[in-house]
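This report refers to the structure that appears directly beneath it.
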Amino acid sequence: MNSIIENPNADLAYQKAILGSVSRTFALTIPLLPPAIEIVVGNTYLLCRIVDTIEDAAELSPAEKQSLSKLFLDAVLGTIPVASFVTPCLDALRGYSNIDELDLIAHTPIVLRILHTFPSRDQEAISRCVSIMSEGMSHFHNRQTQEGLKDLAEFEDYCYVVAGVVGELLTTIFSYHSPQFAKDIHRHERLALAFGQALQMTNILKDSPEDHARGVSWKPAQMSQAELLKIAYEKLQDSLSYILLIPANEIGIRRFCFLAFGLAVMTLEKIATRKEFGNKADVKLSRSTVWIFYGFTKLATSNDFLMKSFFYTASTHLKKLALVHS
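At position 194 of the sequence shown the residue is numbered 176 (this note's numbering), and the sequence of numbers has no breaks.
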């Protein structure tokens, strides 16, 4: 507890620095949030990134992943000392190539110290999110096959535990910050799931060549890319509805969501123009495209018409696919 009192600024500086190392996208979007929310969302992202790192470690067996996921969850919930997770995790990942993610795991104590400075309601919401994600990914560790997930229902379940639950968490945090948003989102909570799932579907489709190369597919078996893009387009429509429910005066929250949304739209649109692609670099957005859109969000997020116009002009191929497969 002393380190929280003595060195809170150093802890926060580490959080900000490592966020930039493990995710360029979220390092761009999270600072757009109001300062109090920025710290909470940044911390949550790092916790989720640790869970993802365990899942992404191709050298680990499903049983090893499940064991490490449980240790991590126990450390987050405070039922074991954090060292009881960090030491075996780093030992198991000795051959892992991403040094930034290894550094993050080594500094799990800092991430948890920051977590424990938040109000109890934020801590409870984050713990719920990490619990569902960690336990859900453990469930799916045994389902990593070249053929893909069993069917669309299992795919939807997977997207929920890795991303839909994050949409729920963001909604909870945003609602604590904005009573007006809490009122407006009431009875429209399903849109929060769609927002998280749309971003995850983008990642699944974008990363599918690399996943295939390591003998894994997170797409539903027997479902074409075009059919998946149709579903993604529908979730993007719901995602835009979600963003439009955020009060216009909450510019930081709107911009955070719209930037992530817009990058997903443009990535999926690139995928929609190709029958197949062999590397995610083929559909990666250029740095100039990202920065131009980043600048555009400054204008668009206070104007519902501009946001809608962007979506409908930037998703023409997606819309055509959706109509063909409807």
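Don't be surprised by glycine CBs; every beta carbon is placed ideally from N, CA and C.
Which same chain residues end up closer than 6 Å to residue i when comparing Cβ atoms and leaving out the 5 residues on each side of it in sequence?
i, result
"L97", "N25"
"L288", "A282"
"V68", "T90"
"T279", "R237, F240 and L241"
"H194", "none"
"L173", "D220, S223 and Y224"
Which partner residues does residue i have in the DSSP bridge list?
i, result
"S199", "T127"
Which of the three DSSP states is assigned to residue i in this structure?
i, result
"L227", "coil"
"G77", "coil"
"Y294", "helix"
"A208", "helix"
"L1", "helix"
"I(-14)", "Reliability fails at I(-14), whose pLDDT of 42 lies under 50, so the model's placement of it is uncertain and the value that follows must be treated cautiously. Helix, per DSSP."
"R169", "coil"
"E41", "coil"
"G24", "helix"
"V64", "coil"
"N285", "coil"
"K257", "coil"
"S268", "coil"
"D220", "helix"
"T249", "helix"
"E150", "helix"
"K301", "helix"
"H159", "helix"
"H98", "coil"
Going by other Cβ atoms of all chains shown within 10 Å of its Cβ, with 16 needed for buried, is residue i buried or exposed?
i, result
"T249", "buried"
"F292", "buried"
"A107", "buried"
"P202", "buried"
"S66", "exposed"
"I225", "buried"
"G130", "buried"
"Y142", "buried"
"D104", "buried"
"K47", "buried"
"E77", "According to the sequence provided, residue 77 is Gly. The question's Glu does not apply to it. With fewer than 16 Cβ atoms within 10 Å of its Cβ, G77 is classed as exposed."
"D(-7)", "buried"
"V22", "buried"
"V4", "buried"
"A(-5)", "exposed"
"A45", "exposed"
"N(-16)", "In this prediction, N(-16) scores a pLDDT of 41, lower than 50, which makes its location untrustworthy; the coordinate-derived value is nonetheless stated afterwards. By the 10 Å Cβ count, N(-16) comes out exposed."
"T298", "exposed"
Closer than 8 Å by C-beta to residue i: which residues in its own chain qualify, once you throw out the five before and the five after it? Chain order, please.
i, result
"A296", "G244, V247, M248 and E251"
"C30", "C111, V112, M115 and V148"
"K132", "R125, P202 and A203"
"V64", "A57, T90, P91 and L94"
"D170", "The amino acid at residue 170 is misidentified as Asp; the sequence shows His. These residues qualify, in order along the chain: S223, Y224 and L227."
"K52", "S116 and S120"
"A88", "V68 and L72"
"I(-13)", "Note that I(-13) scores 46 on pLDDT, short of 50, meaning its location in the model is unreliable; the coordinates nonetheless yield the value given after this. Excluding sequence neighbours, I(-13) sits near nothing in its chain."
"A18", "H159"
Mind reading off the beta-carbon distance from residue i to residue j? Whole number of angstroms is fine, and I expect it under 8 Å.
i, j, result
"F54", "I32", "6 Å"
"A145", "L181", "6 Å"
"I253", "L211", "7 Å"
"F163", "P229", "6 Å"
"Q128", "G197", "5 Å"
"K262", "K188", "5 Å"
"L59", "S109", "6 Å"
"A74", "L42", "6 Å"
"A208", "T184", "Not quite, the Cβ-Cβ distance comes to about 15 Å (not below 8 Å), so this is no contact."
"L50", "P70", "7 Å"
"Y276", "L10", "7 Å"
"P310", "F137", "Not covered by the structure: residue 310. The range shown for the chain is -17 to 308."
Please decide whether residue i counts as near chain D, where near means a Cβ-Cβ distance under 8 Å.
i, result
"H89", "Although the question refers to chain D, the structure presented lacks it and comprises just one protein chain."
Kindly list the residues whose CB is nearer than 7 Å to the CB of residue i, restricted to its own chain and excluding five residues on each side of it in sequence; keep chain order.
i, result
"Y140", "F122, L131 and W200"
"M205", "L134"
"N285", "none"
"E20", "I12 and P13"
"I186", "W200 and K201"
Closer than 7 Å to a non-hydrogen atom of the ligand ADP - does that hold for the CB of residue i?
i, result
"L1", "For the structure depicted, the ligand ADP is absent and the ligand set is empty, with no information on it obtainable."
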